Amino acid sequence: LTSRVVIEGRDASQNVQIANGQRVSFFVTKNPSTTDIVYDNVLLTADGNGNFSYQNGSETILYYPTEAVNVDFYAVHPYAENTDLSSVISFAVNQDQSVLANYYNSDLLYSQVKNIPKTRSAVPMVFNHKLSKITFVVKQGVGISLSNLTDIQIMNLQPNIDMNVADGALVPVTGTTANINVYGVKGTSAGETQVSGMTAIVVPQSFVTDGTKQLFRLVINGVDFYYTPSVGILFEEGKAYNYTLIVNNTGIEVTSSIVDWLPGDDIEGDVS
Numbered sequence: 485l486t487s488r489v490v491i492e493g494r495d496a497s498q499n500v501q502i503a504n505g506q507r508v509s510f511f512v513t514k515n516p517s518t519t520d521i522v523y524d525n526v527l528l529t530a531d532g533n534g535n536f537s538y539q540n541g542s543e544t545i546l547y548y549p550t551e552a553v554n555v556d557f558y559a560v561h562p563y564a565e566n567t568d569l570s571s572v573i574s575f576a577v578n579q580d581q582s583v584l585a586n587y588y589n590s591d592l593l594y595s596q597v598k599n600i601p602k603t604r605s606a607v608p609m610v611f612n613h614k615l616s617k618i619t620f621v622v623k624q625g626v627g628i629s630l631s632n633l634t635d636i637q638i639m640n641l642q643p644n645i646d647m648n649v650a651d652g653a654l655v656p657v658t659g660t661t662a663n664i665n666v667y668g669v670k671g672t673s674a675g676e677t678q679v680s681g682m683t684a685i686v687v688p689q690s691f692v693t694d695g696t697k698q699l700f701r702l703v704i705n706g707v708d709f710y711y712t713p714s715v716g717i718l719f720e721e722g723k724a725y726n727y728t729l730i731v732n733n734t735g736i737e738v739t740s741s742i743v744d745w746l747p748g749d750d751i752e753g754d755v756s
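Here the sequence shown is numbered in this note's numbering, starting from 485 and rising by one per residue.
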């Protein structure tokens, strides 16, 4: 196998390939059945370059069936123990995504490739992001220095979701909301007036506001700044939401845009 993650922004790793050391659940069935199992929840470990090492008990090599039959491949990141193709995975994003490993493990990825004949070539699997991503650019406004920007939190969102392994379909759940610490938060250096490259992964959902519910919290020089949307927001599966926050000593101004977290072109070029 080889893998590729659908391309989006350049803020954090695991944009184009599954990161080195990340673990994946892998399933193989005889086409077109989902119950005629060849391999069930094999542990794959990514090398960061699109390749995997395999571990299935004592086996480190996987084989096609001996009979003349095509196969279907399914894969889920991160690895889920005690899971089969009939399972519904109960998944939760990590609330402290300021730690890179926690950010990676919050990235629920799914891939399915069907009707594969026996081949000596590696089979490419394209993984799709199943959740939503929020990225931030923070700009210095009036009366503010961003040199001591120490924390960004996404507030009041549901952290849990269910997913069917057989088709990757998401199933919303209800429960207590949580606050999520964002990856890549840092203050500005001398002469800088904005910070970018900060991101977190959230569960697709509707953020319903009554005009007082806070969505973002920024900590600058030990002072809390909040963004409270005036209208509701729909966070959709596989999409990235880009927020630009301008922080003034009187509050936060916000602009936003949405981009699909979808495959882009593979481009090569010479630079001179």
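We put the beta carbon where it would ideally sit given N, CA and C, even for glycine. If you're wondering where the values come from, they're calculated on a predicted model, not measured in any experiment.
(request) Given a cut-off of 8 Å, decide if Val508 and Leu528 are closer than it, judged by their beta-carbon atoms. (result) yes
(request) Can you say whether Gly541 is buried or exposed, counting buried as having 16 or more other CB atoms within 10 angstroms of its CB? (result) Per the 10 Å Cβ criterion, exposed.
(request) Ignoring anything shorter than 4 residues or poking outside the segment 581-659, list the alpha helix (DSSP H) runs there in chain order. (result) 584-589
(message) Taking 6 Å as the limit between beta carbons, can you name the residues of its chain near Val572, skipping five residues before and five after?
(response) Closer than 6 Å at the Cβ level, and outside the excluded window around Val572, lie Asp646, Asn648.
(request) Tell whether a beta-carbon distance below 8 Å holds between Gly668 and Thr683. (result) Inclusion of Gly668 and Thr683 in the CB contact set at 8 Å is warranted, their separation being smaller than that value.
(request) Could you say which of Asp568, Gln581, Ala724 lies nearest to Ile636 if we only look at CA atoms? (result) Gln581
(request) Give the straight-line distance between the Cα atoms of Thr603 and Ala559, rounded to the nearest whole angstrom. (result) 19 Å
(message) Nearest by alpha-carbon distance to Gly706: which of Ser631, Thr734, Phe510, Ala653 is it?
(response) Between Gly706 and the set Ser631, Thr734, Phe510, Ala653, the nearest pair of CA atoms involves Ser631.
(request) Check whether the segment 611-627 touches the segment 711-725, counting contact only when three or more Cβ pairs, one atom from each stretch, lie closer than 8 Å. (result) yes
(message) Assuming contact is defined by CB atoms lying nearer than 8 Å, are Leu641 and Phe691 in contact in what I supplied?
(response) yes
(message) Classify Ser741: buried if its beta carbon has 16 or more other beta carbons within 10 angstroms, exposed otherwise.
(response) exposed
(message) Less than 6 Å between C-beta atoms, sequence neighbours within five positions excluded: which residues of the same chain meet that for Ser756?
(response) Unreliable positioning characterises Ser756 in this predicted model, as indicated by a pLDDT of 19, which lies under 50. A coordinate reading is not provided.
(request) Identify which residue in Tyr588, Val738, Lys514 has its Cα closest to the Cα of Ala576. (result) Tyr588
(request) Taking only runs that begin and end inside the segment 683-748, name each unbroken beta strand (DSSP E) of 3 or more residues, in chain order. (result) 689-691, 700-704, 707-711, 717-719, 723-732, 735-744
(request) Go ahead and pull the three-state DSSP assignment for Asn578. (result) Three-state result, Asn578: coil.
(message) Given a cut-off of 8 Å on the beta-carbon distance, is the pair Thr712 and Lys723 in contact?
(response) No, the Cβ-Cβ distance between Thr712 and Lys723 is not below 8 Å.
(message) Suppose you measure from the CA of Thr519 to the CA of Leu485; what does that come to, to the nearest Å?
(response) 22 Å
(message) If contacts are defined as beta-carbon pairs under 8 Å, then Ser595 and Val610 qualify, I think. What distance do you get, rounded to the angstrom?
(response) 6 Å between Cβ atoms; contact.
(message) Please confirm whether Ile730 has its beta-carbon closer than 8 Å to some beta-carbon of chain C.
(response) Included in the structure is just one protein chain, with no chain C present.
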